[in-house]
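One structure below.
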Amino acid sequence: MSSFDDIFTAATKEREEQRESFIKESKENREKCYALAEEKVSDVAGDGKQFQAYLDTQVRFPMHTPNNVLLVMAQKPDATQIGDVNFWKLKHVFVKNEEKDSPILILEPGEKYTREDNTIGTYYNAKKNYDVSQTTAKYRNNSTRTYDLDHLISAIAKQTPVPIEPVDELPNSNGALFDPESNTIKLRKGLENGTAICQILTIEMSHAMLAQGKHDYDRNENSLTAFSSSYMLCKKYGVDTKAYNFEKMQEPFPDMESSDVKQELYVIKKIANDLSQRLDRDLKHDKKPVEKSDGER
Numbered sequence: 006m007s008s009f010d011d012i013f014t015a016a017t018k019e020r021e022e023q024r025e026s027f028i029k030e031s032k033e034n035r036e037k038c039y040a041l042a043e044e045k046v047s048d049v050a051g052d053g054k055q056f057q058a059y060l061d062t063q064v065r066f067p068m069h070t071p072n073n074v075l076l077v078m079a080q081k082p083d084a085t086q087i088g089d090v091n092f093w094k095l096k097h098v099f100v101k102n103e104e105k106d107s108p109i110l111i112l113e114p115g116e117k118y119t120r121e122d123n124t125i126g127t128y129y130n131a132k133k134n135y136d137v138s139q140t141t142a143k144y145r146n147n148s149t150r151t152y153d154l155d156h157l158i159s160a161i162a163k164q165t166p167v168p169i170e171p172v173d174e175l176p177n178s179n180g181a182l183f184d185p186e187s188n189t190i191k192l193r194k195g196l197e198n199g200t201a202i203c204q205i206l207t208i209e210m211s212h213a214m215l216a217q218g219k220h221d222y223d224r225n226e227n228s229l230t231a232f233s234s235s236y237m238l239c240k241k242y243g244v245d246t247k248a249y250n251f252e253k254m255q256e257p258f259p260d261m262e263s264s265d266v267k268q269e270l271y272v273i274k275k276i277a278n279d280l281s282q283r284l285d286r287d288l289k290h291d292k293k294p295v296e297k298s299d300g301e302r
């Protein structure tokens, strides 16, 4: 055997060792993601403050699945923008050397496979992401967006999923109420508080989306979903959210399996995203950045 044979043999062995190491790391990271998501969804299901923190994170990452939002919360709850190494390179910034061993792991779908019962499943891969704070980026967008309340209310009036019907009175002095029988939102005349109008209408719009035209819709079964979707919308559009008190919810999702909780989180996200897409048709030119003070970040 020549010395060249030794070189090629060693190189082949090294490649195989690297491949085995990559497979081992990938499996460990995937299992870590499953464990972290299970732990965090349990926290969210059993504590109102954690649930609110989840909603805040989902607002910051509207395109991510609830499972990946849970993973972001578990690993870097203050994250504002994440991407892999290549994502940041395209923005001409790089992950800091000291941060490379502290990635934010999320799960992304990989190849399809056939189960024993002939149904199709999907392999998930753990992908390493990094927050903007872990990169060399000099500018970080710590601003939020707010919208002129009059414009926001105008967009709600035009983009509501069901008609709004002004009425003189509503039960229990409610400001607005979705009526599944007529598939309309009743709005009490004379309301002057723009913030309250946005809050109550986004709740009732959420109920309208959840009802899907069903006359026997039970709003009590979906009260948390509508309330949470409304909170996310107000958070996104810079409407005051002090009226949304989640801390009193000792167990937002009592006695529910983690898979069922994740499904509820998905519905909340979907309703909020669907409504925001409708509103954005009118509001995309009405954004005003508002810088937060250090104490609010």
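Each residue of the sequence shown is one higher than the one before, counting from 6 in the working numbering. Glycine included, C-beta positions come from ideal geometry on N, C-alpha and C. If you're wondering where the values come from, they're calculated on a predicted model, not measured in any experiment.
**Asked** According to DSSP, which residues form a beta bridge with residue 193?
**Response** 172
**Request:** Could you check what DSSP says for residue 71 in three-state terms: helix, strand or coil?
**Result:** helix
**Prompt:** Contact check, residue 303 vs residue 231 under 8 Å by CB: the rounded distance?
**Reply:** Because the chain is modelled from 6 through 302, residue 303 falls outside the range shown and cannot be assessed.
**Request:** List the whole-angstrom C-beta distance separating residue 189 from residue 170, where the pair is believed to meet the contact cut-off of C-beta under 8 Å.
**Result:** 5 Å
**Prompt:** Rounded to a whole number of angstroms, what is the C-alpha to C-alpha distance between residue 127 and residue 120?
**Reply:** 10 Å
**Asked** Which partner residues of residue 100 appear in the DSSP bridge assignment?
**Response** 140
**Message:** Which same chain residues end up closer than 7 Å to residue 18 when comparing Cβ atoms and leaving out the 5 residues on each side of it in sequence?
**Reply:** none
**Prompt:** residue 246: buried (16+ other C-beta within 10 angstroms of its C-beta) or exposed?
**Reply:** buried
**Helix, strand or coil at residue 88 [DSSP, three-state]** = strand
**Message:** Extract the residue ranges of the beta strand (DSSP E) inside the segment 172-254, only unbroken runs of 3 or more that lie entirely within it.
**Reply:** 181-184, 189-193
**Message:** Taking contact to mean 3 or more Cβ pairs, one atom from each stretch, closer than 8 Å, check whether the segment 108-119 and the segment 58-68 are in contact.
**Reply:** no
**Beta-carbon contacts of residue 220 that lie in its chain and below 6 Å, excluding the five residues immediately before and after** = 185, 186
**Asked** Is the distance from the Cβ of residue 74 to the Cβ of residue 63 below 8 Å?
**Response** yes
**Sequence-distant residues of the same chain with beta carbon closer than 6 Å to residue 20, five excluded per side** = none
**Request:** Drop a sphere of 10 angstroms on the beta-carbon of residue 207, count the other beta-carbons inside from all chains shown, and report buried for 16 or more, exposed for fewer.
**Result:** buried
**Request:** Tell whether a beta-carbon distance below 8 Å holds between residue 160 and residue 288.
**Result:** yes
**Request:** Measure the alpha-carbon distance for residue 99 versus residue 14 and round it to whole angstroms.
**Result:** 35 Å
**Asked** Any beta-carbon of chain C closer than 8 Å to the one on residue 252?
**Response** In the structure shown, chain C does not exist; there is a single protein chain.
**Prompt:** Which residue comes first and which comes last in the beta strand (DSSP E) that contains residue 118?
**Reply:** 109-119
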